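Read left to right, the sequence shown gives residues -19 to -1, 1 to 281 (mature numbering (1 follows the signal peptide of the UniProt record, and there is no 0)).
Structure first, commentary second.
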Amino acid sequence: MKTLKLTFLLCFVSALSFANVSNKEKNALIAICNATNGDNWTVTWDLTSPINTWHGVVVKDNKVIALDLSFNNLKGTLPSQLGDLEHLQKLNLFRNEISGVIPESIGNLKQLKSLNIAFNALEGRLPNVIGDLTSLESLELFMNKLEGSIPRTIGALSQLEKIEIFSNNLSGNIPNEIGNLTNLKELSLSSNNLTGGIPKTVKNLVNLEKLSLFDNSLFGPIPSSLGNLSNLEEIMLSDNLLYGMVPTSLASLDNLKILMINNNDLKGDFASLGEMLPDGIHFEFANIGERKNSALAGTD
């Protein structure tokens, strides 16, 4: 009799775990599974089991708050039902084979703090609704096939600390609204087709530690205001069309470890600048058509 009661209790708890997640969220997860060839995932889901036992799904207070299916052989597209996971705080689909576009419904994920769909095969534009994700702290979409311009709505993401959208096919200017992101620590947009100048509004990014814009078609001068961003550790601007004098204000960046400005059309006394830079910094400074030079400042 005790065994029967225990068995009943376990079944009841299991059924409760399954039932407490809303049908809307359950159906959204199933839609993601079906749209990305779930039967052939590296770790598959048993759809008859409680949702909180499904690989990569985190449930708290009967709500799906995290989905981590990185390195799991997802192949296919992201369904519009993704936007029904409205309590999601973390979405990690890194290193799969997801193609197609980012669905507009992603704008429904108002509580999302971390979005990582990097190293996939996403196409199309970064949707304007990305600006609706006002809780977002980390945006990682690198190594995809995204195209078009960076939406100005990105300036509404005041909590952002990291933007990594390098190695895509983005074009157009870096929007001035990027300067609204005063909590930003990393801005990595290298290896795209970006044009225009480095926005003057970068002067507002007082917490910035890494600025990576190399391998684009950016032109114009390097803003001297970069020298006021005292937290900068890495500045990588090589392989662009930048011109003008290299601002000596960069020498005042005591935390700087990497300065790469080679393969541009810049002018200045690079040797003297190298001597002014902090000791031990990796400094690459050759212009287009010149022999690539690199130096370790402060060493013989």
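Using N, Cα and C, we set each Cβ at its ideal position, and we do this for glycine too.
Here the structure is a predicted model, which is why all the values come from computation and not from measurement.
Alpha carbon of residue i to alpha carbon of residue j, nearest angstrom
| i | j | result |
| --- | --- | --- |
| Thr34 | Ile216 | 44 Å |
| His263 | Met241 | 8 Å |
| Ser206 | Thr163 | 15 Å |
| residue 282 | Ser139 | Outside the shown range of the chain, which is -19 to 281, sits residue 282, and nothing can be said about it. |
| Ser230 | Leu120 | 30 Å |
| Lys94 | Ile11 | 23 Å |
| Val40 | Ile32 | 8 Å |
| Pro259 | Leu63 | 47 Å |
| Leu168 | Ile159 | 9 Å |
| Asn157 | Ala137 | 12 Å |
| Gly255 | Asn125 | 36 Å |
| Glu145 | Phe123 | 6 Å |
| Leu186 | Pro204 | 13 Å |
| residue 287 | Lys184 | Examination of residue 287 is not possible in this model, given that the chain is present from -19 through 281 alone. |
| Thr182 | Asn161 | 8 Å |
| Ile13 | Asn188 | 36 Å |
| Leu218 | Leu55 | 34 Å |
Given residue i as reference, the closest of the options once Cα atoms are compared
| i | options | result |
| --- | --- | --- |
| Asn89 | Gly105, Arg106, Ala102, Asp65 | Asp65 |
| Trp22 | Gly208, Ile46, Gly57, Asn1 | Gly57 |
| Ala47 | Glu67, Leu59, Asn53 | Glu67 |
| Lys166 | Pro180, Glu142, Ser86, Lys71 | Glu142 |
| Pro101 | Tyr224, Ala12, Glu78, Asn188 | According to the sequence displayed, residue 101 carries Asn and not Pro. Of Tyr224, Ala12, Glu78, Asn188, the residue nearest in Cα terms is Glu78. |
| Leu237 | Leu210, Asn221, Ala252 | Leu210 |
| Met226 | Leu186, Met124, Phe251 | Phe251 |
| Leu170 | Asn188, Thr182, Phe195 | Phe195 |
| Lys191 | Ile159, Lys184, Thr17, Asn212 | Asn212 |
| Ser253 | Pro228, Phe75, Thr29 | Pro228 |
| Ala16 | Ser80, Val183, Thr182, Asp235 | Ser80 |
Residues near residue i by beta carbon distance below 8 Å, same chain, minus five either side
| i | result |
| --- | --- |
| Gly177 | Gly153, Asn154, Ile155, Leu199, Phe200, Gly201 |
| Lys91 | Glu67, Asp113, Leu114, Thr115, Ser116 |
| Tyr224 | Phe200, Gly201, Pro202, Asn245, Asp246, Leu247, Lys248 |
| Asp27 | Thr34, Trp35 |
| Arg76 | Ser51, Phe52, Ala99, Phe100, Asn101 |
Nonlocal neighbours in the same chain, by C-beta distance under 6 Å from residue i, ignoring five residues either side
| i | result |
| --- | --- |
| Asn73 | Asp49, Ser51, Asn97 |
| Asn173 | Asn149, Leu151, Asn197 |
| Asn1 | Asn43 |
| Pro108 | Ile83, Glu85 |
| Arg106 | Gly129 |
| Met257 | Ala232 |
| Leu234 | Leu213 |
Neighbourhood of residue i by C-beta distance below 7 Å, restricted to the same chain and skipping five residues each side
| i | result |
| --- | --- |
| Ser86 | Ser61, Leu63, Gly64 |
| Lys7 | Ile32 |
Below-8 Å beta-carbon distance, residue i vs any chain D residue
| i | result |
| --- | --- |
| Asp196 | As a matter of chain content, chain D is missing from the structure shown, which is built from one protein chain. |
>> Please give the ranges of any beta strand (DSSP E) in the segment 142 to 219, keeping only runs that are unbroken, at least 3 residues long and fully inside the region.
In response: 143 to 145, 150 to 154, 167 to 169, 174 to 176, 191 to 193, 215 to 217
> Which ranges would you report for the alpha helix (DSSP H) in the segment 218 to 274 if only whole runs of at least 4 residues count?
Replying inline: 251 to 257
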